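Take a look at the structure below.
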Amino acid sequence: MQGVLRRVRVLLLPAAVALVAATAGPVAGASEAAPRPALEGRAVLPVETYAPGPPAGSFFAPNGPVVINGITFPLPSQPVEGFSAVVAGRHPGEFLAMPDNGFGSKASSRDFLIRAYYVQPDFKTAQGGTGAVAVGDFVQFRDPNGLIGFPIVREGTPDRLLTGGDVDPESLQRGVAGDYWMGEEFGPWILHFGADGVLLHAPFALPDGIMSPNNPHLDGQPPTQPNSRGIEAMGLSPDGMHLYAALEGATNADPDRSRRRVFEFSTADERFTGREWAYGTEAPAYLVADMWALDQNRFVVIERDGGLGTTALFRRLYVVDLRDVGADGVLGKRLAVDLHAIPDPDLVSLPAVHPGDIGLGDPFSVVCESIEAVHVLDGERVLLACDNNFPNKGRNPDLADDDELIVVRVPGLKAATDGRTS
1342 MQGVLRRVRV
1352 LLLPAAVALV
1362 AATAGPVAGA
1372 SEAAPRPALE
1382 GRAVLPVETY
1392 APGPPAGSFF
1402 APNGPVVING
1412 ITFPLPSQPV
1422 EGFSAVVAGR
1432 HPGEFLAMPD
1442 NGFGSKASSR
1452 DFLIRAYYVQ
1462 PDFKTAQGGT
1472 GAVAVGDFVQ
1482 FRDPNGLIGF
1492 PIVREGTPDR
1502 LLTGGDVDPE
1512 SLQRGVAGDY
1522 WMGEEFGPWI
1532 LHFGADGVLL
1542 HAPFALPDGI
1552 MSPNNPHLDG
1562 QPPTQPNSRG
1572 IEAMGLSPDG
1582 MHLYAALEGA
1592 TNADPDRSRR
1602 RVFEFSTADE
1612 RFTGREWAYG
1622 TEAPAYLVAD
1632 MWALDQNRFV
1642 VIERDGGLGT
1652 TALFRRLYVV
1662 DLRDVGADGV
1672 LGKRLAVDLH
1682 AIPDPDLVSL
1692 PAVHPGDIGL
1702 GDPFSVVCES
1712 IEAVHVLDGE
1722 RVLLACDNNF
1732 PNKGRNPDLA
1742 DDDELIVVRV
1752 PGLKAATDGR
1762 TS
């Protein structure tokens, strides 16, 4: 792992302006400190935000109502949060945000419908804003043509809506034709849906027979991938021609527990190309949570620990370049921002939504367990969101997490090429 650590370095910007972490001090010899990342906006979606649909969460209450972290189960309808992926919406200021499989496991999420919701945050910034999130309509993912290749929870229904007992969506990209490509963990697979949410093909399995314990096609074979360590991150090249799917954790057989395989997939040919890279985490237990393309070769990547609340200590945004591979075969990493300590000089994260909330103020800290969604807004701003595995805690020690969407300004993020051209 020492080889990987040595490859982490600060990204140099034009005119010798350095992109520095939140805790960095002034540049030696400079008349003033270089621009630092900063929290620009924050919006909070209350945890008990529900959309139309059947009741959910019955797994937690087989013998009658039960309260978990302040939430009464079963739920009245479908919960909206938390978000594992965010893509652009239909107009400026709107986003399409996708929850994962619901309640954290295949067994507990059979009554959670797989959707992506159109949301419009009114970010609280230094210039104003309410910090509220409006929730609109949604894309309902479904398999009416029976292409998925195994019995689903709603097998006998005409619409065959997909549930968290069928698939575990963790990443989402919109194709050039308005279609959707989903990175999934139960296979793990890549799934292709039309703009209306209808499954277009059988799942695309990863190379080398990679299968999780939840794969319905194991047929007695041992799984090759740990549970919940499938395709967590998936970026799309700006031309829409290639997806880059990254495993959240190491394969069972890999002796390097810090290696995360990254696979290239051709959207035109609808197959994996055979090209592959390795991303190295800073510790074997750390996870690759999401990625987004800056250009044809460079991506931002979320790497995080498994902590929550006061134990959420490592969550960082790195830049990788597919052309920058070390002698150890691992992609070089350049720190963009430490999400555990984001400068908040304008105190846009205050006041607290609930008494007892932690990690607010300057610096602001992302303390949800699963910071799993990144979306590059422009040359120096990124949108991030949490997947809270409803009803996990984090921001508050006594309450289930609200869903937070934040905008972080990272000066020069997209303009910086480290001496390369895109």
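Under the numbering used here, residue 1763 is the last one in the sequence shown; the count climbs by one each step, no gaps. We treat Cβ as the ideally placed atom computed from N, Cα and C, and that holds for glycine. Quick caveat: nothing in here was measured; it's all calculated off a predicted structure.
Residue i burial status per 10 Å Cβ neighbour count (16 or more: buried)
i     : result
A1369 : Caution applies to A1369, whose pLDDT of 41 falls short of 50 and renders its modelled position unreliable; the model cannot decide the point.
T1622 : buried
L1649 : buried
D1679 : buried
H1681 : buried
E1745 : buried
T1504 : buried
V1517 : exposed
G1434 : exposed
G1472 : buried
E1496 : exposed
D1484 : buried
F1491 : exposed
L1559 : exposed
A1639 : Correcting the residue identity first, residue 1639 is Arg in this sequence and not Ala. Buried.
A1302 : This structure leaves residue 1302 out entirely; the chain is present only between 1342 and 1763.
Closest by C-alpha distance to residue i, when choosing among the options
i     : options                       : result
P1420 : G1434, L1437, A1397 and V1427 : A1397
Q1566 : T1592, A1619, A1457 and L1532 : T1592
V1660 : G1472, L1654, L1680 and L1635 : L1635
E1389 : G1411, S1399, P1686 and L1503 : G1411
F1436 : S1399, G1477 and T1466        : G1477
P1554 : G1528, L1584, S1450 and A1536 : G1528
V1385 : L1691, G1581, G1667 and E1589 : L1691
P1548 : G1538, W1530 and W1522        : W1530
G1576 : L1663, D1595 and V1539        : L1663
V1641 : G1702, D1597, V1751 and R1616 : V1751
P1625 : G1647, D1687 and E1605        : G1647
P1557 : V1666, F1453 and I1489        : I1489
K1442 : V1749, D1728, D1500 and G1753 : Residue identity check: residue 1442 is Asn in the sequence provided, not Lys. Among V1749, D1728, D1500 and G1753, the Cα nearest to that of N1442 belongs to D1728.
S1599 : V1749, L1672, L1584 and E1605 : L1672
Y1459 : G1470, R1431, G1469 and R1675 : R1431
L1584 : A1379, L1724, E1617 and V1539 : E1617
L1658 : D1665, I1643 and F1479        : I1643
Residues near residue i by beta carbon distance below 8 Å, same chain, minus five either side
i     : result
E1611 : H1533, H1542 and F1545
K1755 : L1635, D1636, V1717, D1719, G1720 and E1721
F1401 : V1407, I1409, F1414, P1415, F1444 and S1449
E1525 : V1508, D1509, P1510, E1511, I1531, L1532, P1544, G1571 and I1572
Y1391 : L1416, P1417, S1418, Q1419, P1420 and V1421
S1372 : Confidence is the limiting factor: at S1372 the pLDDT is only 43, short of 50, which leaves the residue's position unreliable, though a coordinate-based value still follows. Closer than 8 Å at Cβ, skipping near neighbours: no residue.
N1730 : G1423, D1441, F1444, G1445, E1710 and S1711
G1487 : R1501
Delimiting residues of the beta strand (DSSP E) encompassing residue i
i     : result
R1736 : Segment: none, R1736 is in no beta strand (DSSP E) and carries neither H nor E.
G1477 : A1473 to Q1481
F1436 : F1436 to P1440
I1493 : Unbroken run through I1493: none, as it is neither H nor E.
L1746 : D1744 to R1750
L1380 : A1379 to L1386
P1462 : R1456 to D1463
E1644 : R1639 to R1645
V1413 : As written in the sequence, residue 1413 is Thr, which differs from the Val given in the question. Run containing T1413: I1412 to F1414, per the beta strand (DSSP E) assignment.
V1427 : F1424 to A1429
V1408 : V1407 to I1409
Close-in-space but distant-in-sequence residues of the same chain around residue i (CB under 6 Å, 5 per side omitted)
i     : result
R1736 : D1698, V1708 and D1742
R1645 : L1628, A1630, R1656 and I1712
I1551 : T1565 and Q1566
E1710 : L1649, N1733 and G1735
G1366 : Note that G1366 scores 39 on pLDDT, short of 50, meaning its location in the model is unreliable; the coordinates nonetheless yield the value given after this. Here the set comprises nothing.
G1590 : P1567 and R1570
L1701 : S1690, L1691 and A1693
Nonlocal neighbours in the same chain, by C-beta distance under 7 Å from residue i, ignoring five residues either side
i     : result
P1704 : A1363, A1682, I1683, P1684 and D1685
G1506 : K1447, S1450, R1451 and V1494
S1578 : A1634 and Q1637
M1439 : F1424, S1425, A1426, A1457, P1510 and L1513
P1462 : A1384, V1474 and L1746
G1581 : G1516, V1517 and T1608
N1568 : S1553, P1554 and N1555
L1740 : N1410, G1411, H1695 and K1734
A1467 : D1687 and V1689
L1502 : L1454, Q1481, R1483 and R1495
P1403 : none
Which complete beta strand (DSSP E) runs does the segment 1561-1632 hold, if anything under 3 residues is left out? 1572-1577, 1583-1588, 1600-1607 and 1612-1621
Which parts of the segment 1508-1554 are runs of the beta strand (DSSP E), unbroken and 3 residues or longer, counting only runs that do not cross its ends? 1510-1515, 1521-1525 and 1530-1534
Could you pull out every unbroken beta strand (DSSP E) segment of at least 3 residues lying fully inside the segment 1649-1722, listed in chain order? 1656-1666, 1672-1679 and 1711-1719
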